[in-house]
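Encoded as structure tokens, the structure appears first; notes follow it.
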Ligand code: ADP
Ligand code: MG
């Protein structure tokens, strides 16, 4: 599903250059649930943003679902992003003046899906995350965990090939974090490919594989025994 080879990325700041990714190699197969671990500043978000086509590497190869991602103009990148990828962020990124259902339906508008089908799909995915009864509520009326579940419904409604989550539990308390991980595990159980960036050990162990980043390289990449979040919620 994802294949990257010898990926490098530096940030230029004036005359200084910060080499953040120093030759990353890894691949992700369909149906995997991978944690990208590492301390703050280790380049996790940089890597995820490149995988998400929100940023570009300086060198290296990236293939996503058989498509080589290279020198795409913004229109084409946006098209692939909509078609292949779903995003979940630490800060939820919901639109405050839109209801839960409208937030979930919005990306479907950009896919050219008709209004009636958008609403049906939005309600279906809200149902999947246990928030059907909250469809007409605004984000300000939802808890942090509920907001993140709306964000996950929004990402899944577009039926992406890969779901990319950058610290999805970073703004949540422990119990709520486990509820969100329980949902992520259940979505993965249905066969969806998911990458979760986290700096928390317990969250990483709820995935099926941990890729450990340190100083711009992969220190360790191992398959683990998945801890189920359900037992804690
Ligand atoms: P993580 O997500 O693991 O905390 P990041 O990928 O956000 O790490 O950042 C890795 C390093 O790159 C950090 O030192 C950070 O300060 C730096 N960095 C990230 N984005 C930029 C940017 N746009 N410009 C300059 N430096 C950046
Ligand atoms: Mg980060």
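Residue numbers (this note's numbering): 1198 to 1430.
Glycine is no exception: its CB is placed at the ideal position from the N, C-alpha and C atoms.
* Is it true that the CB of residue 1234 sits closer than 9 angstroms to the CB of residue 1410? -> yes
* Asked: Say the cut is 8 angstroms; is the CB of residue 1208 nearer than that to a heavy atom of the ligand ADP?
  -> yes
* To do: Consult DSSP for residue 1296 and reduce its assignment to one of helix, strand or coil.
  => coil
* On a CA-only basis, which of 1267, 1360, 1343 and 1396 is nearest residue 1372? Give me that one, please. => 1343
* Integer-rounded CB distance, given that residue 1221 should sit under 8 angstroms from residue 1245 -> About 11 angstroms separates the two Cβ atoms, so there is no contact after all.
* Given 8 angstroms as the limit, is there contact between the segment 1286-1303 and the segment 1318-1331, that is, 3 or more CB pairs closer than that? -> yes
* Asked: Is residue 1218 helix, strand or coil by DSSP?
  -> strand
* Asked: Does the Cβ-Cβ distance between residue 1259 and residue 1200 come in under 9 angstroms?
  -> yes
* Hey, out of 1355, 1421 and 1263, whose CA is closest to residue 1279's CA? -> 1355
* Beta carbon of residue 1394: closer than 8 angstroms to some heavy atom of the ligand ADP? -> yes
* Asked: What are the residues that DSSP puts in a beta bridge with residue 1411?
  -> 1414
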